[in-house]
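Working notes for the structure below.
There are 2 protein chains.
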Amino acid sequence: MAEQPLFDIEEIVRESFDEEGQEQLTEKLSQREPEEVALALEAMPVEQRVTTWQSLPPENQIEALTFMRVDARENIFKQIDDDQLFQLVENIDVDDLLELLDELPPAVYHYAASRLDESQRRWLDTALTYDDEQCGRYADHDLLIINRNAKVRDAIRLFRKLTDEAEYQDSLFVVDRTGRYVGLIQASQLLGVGSHTSIDSFIDSDAPVVEGNMDLDDGSDLVYRSGYTALAVVDADGKLLGRMSIGEAMENMRRSMESQFMHTAGLDEDEDLFAPVVDSAKRRAVWLGINLLTAFLAAWTIGLFEATLEQVVALAVLMPIVASMGGIAGSQTLTLMIRGLALDQIGPKTYFTLLYKELGVAAINGLIWAIVIAAITYLWFGDMIIGIVIGIAIIINILIAAVSGVFIPILLDKLKIDPALSGPVILTTVTDVIGFFAFLGLGTLMLLN
Amino acid sequence: MAEQPLFDIEEIVRESFDEEGQEQLTEKLSQREPEEVALALEAMPVEQRVTTWQSLPPENQIEALTFMRVDARENIFKQIDDDQLFQLVENIDVDDLLELLDELPPAVYHYAASRLDESQRRWLDTALTYDDEQCGRYADHDLLIINRNAKVRDAIRLFRKLTDEAEYQDSLFVVDRTGRYVGLIQASQLLGVGSHTSIDSFIDSDAPVVEGNMDLDDGSDLVYRSGYTALAVVDADGKLLGRMSIGEAMENMRRSMESQFMHTAGLDEDEDLFAPVVDSAKRRAVWLGINLLTAFLAAWTIGLFEATLEQVVALAVLMPIVASMGGIAGSQTLTLMIRGLALDQIGPKTYFTLLYKELGVAAINGLIWAIVIAAITYLWFGDMIIGIVIGIAIIINILIAAVSGVFIPILLDKLKIDPALSGPVILTTVTDVIGFFAFLGLGTLMLLN
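Protein chains in written order, with our numbering: chain A, 79 to 527; chain B, 79 to 527.
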């Protein structure tokens, strides 16, 4: 039976700090899957990361890099000299090269490309006709291809050549003489079939096909839903470009969901835990700047009511409550909408059903919490009117938050702006400005006369 | 070549509103994968969802339900009467029953269980010894099992029995006489092997094994990283319980990442877009209540400085800026930490490296934005000291936000509380209270003397 399979990243990181144990660590890592090595390297501060990575055997070095998030990978490249980079890519294959392309210095990339054999060069050129959000760019070229005129024994010969490291290779991809994809054959279909039989009658041409210009997310969904372990990726003429395996589909899905999560804080899914301070500061500064604009807008709204605040200072004390309740209620609607949009579950036919539902929820919660907050305010400041003012402001702000939570992400999505990235900032601006305006405006009307 | 494979949920939803086109819609849906049907049903308001679901053939009804998010599924169950439920589960298999178990009325569940055959009943009893976060609970019982003494022809016979719908079934799971798992055999290994040969020498016993009591996330990672299309799930004695396929691993990963995303807004990954208003309002009320507590804490902090605010109303105007900048900076650190913790990439050895890095980032951004904000404040209010006060408060709050962003999630994780759910609320409380306290406190010291 296999040994304890779970991978302890914490232990690996601890050992990377121990210079004398480096040899054992290398030994341990070279037995693990590249996904795991990549996770462990990302979990190390840059110094330990580079040392540990350099101690790996060359083939594992490249493998680990391809599984690392871009920034973490880049922070290794920055620490090693060009000589080592040239050496590293000496025997790189086309798939790994495509994965690392954007982070390699141009000279290193050209050297690597020049060392590919002719068929790999052709793959490279074709892949580069697609952009880096398209399936054609990342079609996996490690696949078993067979001509439709072949016999079962040819198929068997192909499967025999698979090494132990072959992943999700239970199918042959069948092409015609011109290289057009015809269908696939699963290994189990050929069991017990005479070796001189033609493969033709075993071809499964019902399997869906990933188009090269399909978006990575769509292609990954297609592979996942198809139930096949890999699908063919084809160009506009139906020529076989490569395959997308379920492993790649899963990696794409992970990346896409991680990016959604990180975007809500204005970060990128490639953000490195141990990025250099200055790099990190630069990237985050932009986000803080954008948020500062919205904060000043809120402050400006408050500024309109300086005269009121001077007379009723309780309003200044209470105003964050109004803004905060609107912000929280709105972000719940927003989050639900962002997920729905990501899953393509929201369309014009249901915009208003969603709006009415969210308004219903907002009305109930607005009313309940308005009463609670009004009561507490009355007890705190002994002033019934301030209680009424804050209660009404809360109801208004939570209702507006519901409308904004529904329509801001729909609008952003239509404009092809990621609602996970921009939605929260815009929503907060709305709930802050409306919250302060409603509360201080009502306060001015009801308390100053 | 296969027809246009992309699935247009919007079109399906539109058609579900058209009562006369129901027949065509049913026809269209019964040709799609159950994952897709589930997504489309979730995207419909409850009325359309129920009608459309009811029009599906019985076997598709159950399949679609098992792929739906729990709340969306439950909202179908609520609309149909018990008779239909009893009919629905008449021929349900054990895996689907385990998936729907929590939403079925007890009487319906017992009826369904009573109709399972003996071997399925045994699977059910064993599965129920595991809780619903463990791999043993959801082991897939649709797998090819073979005795280690069998011959290749027996293996071929098993593969032949597979239907077109079999997914990720390229391996046999080999057991000994007592039902203990020994290893697996991939179909391609047996190609061209004589039918009387014993299967023994083809057994791959290096494939990792998923333990029944393993957490679903860990099991899914294991399947993904292994590169196999499915791994055996075994009990504490090594007996084969079933398998976990890469498809299930992917579904688990999706669910787990979705839950992280939804938790940041206090929602559940099972939240239904079209949940009944009252249900939704109830669930969200709790989250608003928790956030209200923190808002009152912030208000109370401001209340400490009423006397100051009465004299310098500019402080009231500016105070949201201080709180907001701290909140944004902190949430960036927090988000990075939450991802790191979810990937097990953060341990004691690097706590302080992370802290120093985040403090470095905070120092740079704190300083830059403090200067900008101080300058704008000076221009706005023409008072240098207010500018200095807000500048210092910004720096303090951003630094505190960095410390909190690093340690709040670590602490929550140690306490086994989901940092994605509770982290943002606690962080906002800290940055609000510290922000208001620093700003108004400094204001009191520097402006009132």
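Each residue gets a CB set at the ideal place from its N, CA and C atoms; glycine is no exception.
Only a predicted model underlies this, so the values are computations on that prediction, with no experimental measurement involved.
Under 7 Å between beta-carbons, which chain B residues line up against serine 273 of chain A? List them in chain order, please.
Locating residue 273 of chain A in the first sequence gives position 195, counting from the first residue. Close to serine 273 of chain A, with beta-carbon spacing below 7 Å, are these residues of chain B in chain order: Gly270.
Rounding to the nearest angstrom, what Cα-Cα distance links valine 391 of chain B and leucine 387 of chain A in this structure?
Sequence index remark: in the second sequence, residue 391 of chain B carries index 313 (1-based). Sequence index remark: in the first sequence, residue 387 of chain A carries index 309 (1-based). Rounded to whole angstroms, valine 391 of chain B to leucine 387 of chain A spans 7 Å at the Cα level.
Pairwise C-alpha distance: glutamate 137 of chain B and valine 124 of chain B
In the second sequence, residue 124 of chain B corresponds to position 46, counting from 1. In the second sequence, residue 137 of chain B corresponds to position 59, counting from 1. Cα to Cα, valine 124 of chain B sits roughly 21 Å from glutamate 137 of chain B.
Could you check whether the Cβ of aspartate 422 of chain B sits closer than 8 Å to any Cβ belonging to chain A?
Indexing the second sequence from 1 puts residue 422 of chain B at position 344. For aspartate 422 of chain B, the answer is yes, since a Cβ of chain A falls inside 8 Å of its Cβ.
Within 8 Å of chain B by C-beta, residues of the stretch 325 to 343 of chain A in sequence order:
Taking 8 Å as the upper bound on Cβ-Cβ separation, chain B lies near residues Gly325, Ala327, Met328, Met331, Arg332, Met335, Glu336, Gln338, Phe339, Met340, Thr342, Ala343 of the stretch 325 to 343 of chain A.
Amino acids of chain B, ordered along the chain, whose beta-carbon sits closer than 9 Å to that of methionine 462 of chain A
Your numbering for residue 462 of chain A matches position 384 in the first sequence. Taking the beta carbon of methionine 462 of chain A as reference, no residue of chain B falls within 9 Å; the closest one sits roughly 18 Å away.
Have a look at the DSSP bridge pairing and note the partners of arginine 258 of chain A.
Taking the first sequence and counting its residues from 1, one reaches residue 258 of chain A at position 180. Note: arginine 258 of chain A sits in a beta bridge opposite A/Lys317.
Classification of methionine 462 of chain B by the beta-carbon crowding that lies within 10 angstroms, buried from 16 upward:
As a position in the second sequence, residue 462 of chain B is number 384, starting the count at 1. Looking at its Cβ environment, which holds fewer than 16 other Cβ atoms inside 10 Å, methionine 462 of chain B is exposed.
Going along chain A in order, which residues have a C-beta closer than 9 Å to the C-beta of serine 482 of chain B?
Along the second sequence, one-based indexing puts residue 482 of chain B at 404. Within 9 Å Cβ-Cβ: nothing; serine 482 of chain B doesn't reach chain A, min ~14 Å.
Using 8 Å for Cβ pairs, my map puts valine 260 of chain B next to arginine 226 of chain B. What's the rounded Cβ distance?
Here residue 260 of chain B refers to the residue found at position 182 of the second sequence. Here residue 226 of chain B refers to the residue found at position 148 of the second sequence. Rounded, the Cβ-Cβ distance is 5 Å, consistent with contact.
Would DSSP call phenylalanine 430 of chain A helix, strand or coil?
Working through the first sequence from its first residue, we reach residue 430 of chain A at position 352. Phenylalanine 430 of chain A: helix per DSSP, three-state reduction.
Pair within 8 Å by beta-carbon distance, glutamate 349 of chain A and methionine 340 of chain A
The sequence position of residue 349 of chain A within the first sequence is 271, counting from 1. The sequence position of residue 340 of chain A within the first sequence is 262, counting from 1. In this structure, methionine 340 of chain A lies closer than 8 Å to glutamate 349 of chain A by Cβ.
For methionine 524 of chain B and leucine 393 of chain B, I'd like the C-alpha separation in whole angstroms.
For the purposes of this step, residue 524 of chain B is taken as residue 446 along the second sequence, with counting starting at 1. For the purposes of this step, residue 393 of chain B is taken as residue 315 along the second sequence, with counting starting at 1. Going by the C-alpha atoms only, they are around 12 Å apart.
Taking C-alpha atoms, which residue in A/Ile451, A/Arg110, A/Gln126 lies nearest to glutamine 157 of chain A?
Residue numbering aside, residue 157 of chain A sits at position 79 when the first sequence is read from its first letter. Nearest C-alpha to glutamine 157 of chain A: A/Gln126.
Would you mind giving the Cβ-Cβ distance between arginine 147 of chain B and glutamate 120 of chain B, rounded to the nearest angstrom? I have them listed as a contact below 8 Å.
Working through the second sequence from its first residue, we reach residue 147 of chain B at position 69. Working through the second sequence from its first residue, we reach residue 120 of chain B at position 42. Indeed they touch by this definition, with Cβ atoms about 6 Å apart.
So if DSSP puts alanine 310 of chain A in a beta bridge, which residue, or which two residues, is it bridged to?
Position 232 of the first sequence, counting from 1, holds the residue named residue 310 of chain A. Note: alanine 310 of chain A sits in a beta bridge opposite A/Arg321.
In its own chain, which residues sit with a C-beta less than 7 Å from the C-beta of tyrosine 189 of chain B, not counting the 5 before and 5 after it?
Counted from its first residue, the second sequence places residue 189 of chain B at position 111. Excluding residues within five positions, the ones whose Cβ falls inside 7 Å are Phe164, Val167.
Does the separation of the CB atoms of glutamate 181 of chain A and glutamate 211 of chain A fall below 8 Å?
Locating residue 181 of chain A in the first sequence gives position 103, counting from the first residue. Locating residue 211 of chain A in the first sequence gives position 133, counting from the first residue. Result no, Cβ atoms of glutamate 181 of chain A and glutamate 211 of chain A do not sit closer than 8 Å.
Of all the options B/Trp458, B/Ile486, B/Arg92, which has the alpha carbon lying nearest to the alpha carbon of tyrosine 429 of chain B?
Taking the first residue of the second sequence as 1, we reach residue 429 of chain B at position 351. Comparing Cα-Cα distances from tyrosine 429 of chain B to each of B/Trp458, B/Ile486, B/Arg92, the minimum goes to B/Ile486.
For chain B, is any of its Cβ atoms less than 8 Å away from the one on threonine 256 of chain A?
Counting from one through the first sequence, the residue named residue 256 of chain A turns up at place 178. Interface flag for threonine 256 of chain A against chain B is unset, since no Cβ pair is found closer than 8 Å.
For phenylalanine 85 of chain A, which residues of its own chain have a beta-carbon under 7 Å away from its beta-carbon, when the five flanking residues on both sides are left out?
Here residue 85 of chain A is taken as the residue at index 7 of the first sequence, counted from 1. Result list for phenylalanine 85 of chain A: Arg110, Glu114, in chain order.
Leaving aside the five residues before and after alanine 420 of chain B along the sequence, list all residues of the same chain whose C-beta is less than 7 Å from its C-beta, in chain order.
Within the second sequence, numbered from 1, the residue matching residue 420 of chain B stands at position 342. Closer than 7 Å at Cβ, skipping near neighbours: Gln338.
Does the beta-carbon of glutamate 81 of chain B have 16 or more other beta-carbons within 10 angstroms, so that it is buried, or is it exposed?
Looking up residue 81 of chain B in the second sequence gives position 3. Because glutamate 81 of chain B sits at a pLDDT of 48, beneath the cut-off of 50, its placement in the model cannot be relied upon, and the following sentence gives the value as read from the coordinates. Glutamate 81 of chain B is exposed by the Cβ-count criterion.
On the DSSP bridge list, what partners appear for valine 253 of chain A?
Walking along the first sequence from the start, residue 253 of chain A turns up at place 175. Paired residue(s): A/Asn225, A/Tyr259.
Using Cβ-Cβ distances below 9 Å, what residues of the stretch 149 to 167 of chain B are close to chain A?
Within the stretch 149 to 167 of chain B, no residue has a Cβ that lies closer than 9 Å to any Cβ of chain A.
Valine 355 of chain A: first and last residue of the uninterrupted alpha helix (DSSP H) it sits in:
Looking up residue 355 of chain A in the first sequence gives position 277. Residues 355 to 381.
In the DSSP assignment, what are the bridge partners of aspartate 293 of chain A?
For the purposes of this step, residue 293 of chain A is taken as residue 215 along the first sequence, with counting starting at 1. Partner(s): A/Gln212.
Roughly how many angstroms separate the alpha carbons of glycine 272 of chain A and lysine 229 of chain A, rounded to a whole number?
By 1-based counting over the first sequence, the position of residue 272 of chain A is 194. By 1-based counting over the first sequence, the position of residue 229 of chain A is 151. Between the C-alpha atoms of glycine 272 of chain A and lysine 229 of chain A there is a straight-line separation of about 9 Å.
Test item: CB-CB of aspartate 510 of chain B and proline 502 of chain A under 8 Å
In the second sequence, counting from the first residue as 1, residue 510 of chain B sits at position 432. In the first sequence, counting from the first residue as 1, residue 502 of chain A sits at position 424. No, they are not a contact pair.
CB contact flag (isoleucine 263 of chain B, phenylalanine 237 of chain B, <8 Å)
Residue mapping note: residue 263 of chain B aligns to position 185 of the second sequence, counting from 1. Residue mapping note: residue 237 of chain B aligns to position 159 of the second sequence, counting from 1. Contact flag unset, no.
Do the stretch 364 to 383 of chain A and the stretch 475 to 489 of chain A touch if we need at least three Cβ pairs shorter than 8 Å?
no
Is the CB of tryptophan 447 of chain B under 8 Å away from at least one CB in chain A?
Walking along the second sequence from the start, residue 447 of chain B turns up at place 369. Tryptophan 447 of chain B counts as touching chain A.
For the stretch 107 to 128 of chain B, which residues have a beta carbon sitting closer than 7 Å to at least one beta carbon of chain A?
If the cut-off is 7 Å between Cβ atoms, the stretch 107 to 128 of chain B has Glu111, Glu113, Glu114, Leu117, Glu120, Ala121, Pro123 near chain A.
Which partner residues does glutamine 423 of chain A have in the DSSP bridge list?
By 1-based counting over the first sequence, the position of residue 423 of chain A is 345. Partner(s): none; glutamine 423 of chain A has no beta bridge.
Taking 8 Å as the threshold (C-beta atoms), are leucine 206 of chain A and leucine 194 of chain A in contact?
The count along the first sequence starts at 1 and reaches residue 194 of chain A at position 116. The count along the first sequence starts at 1 and reaches residue 206 of chain A at position 128. Result no, Cβ atoms of leucine 194 of chain A and leucine 206 of chain A do not sit closer than 8 Å.
I need the boundaries of the alpha helix (DSSP H) containing lysine 156 of chain B, first residue and last residue.
Looking up residue 156 of chain B in the second sequence gives position 78. Element bounds for lysine 156 of chain B: n/a, residue is neither H nor E.
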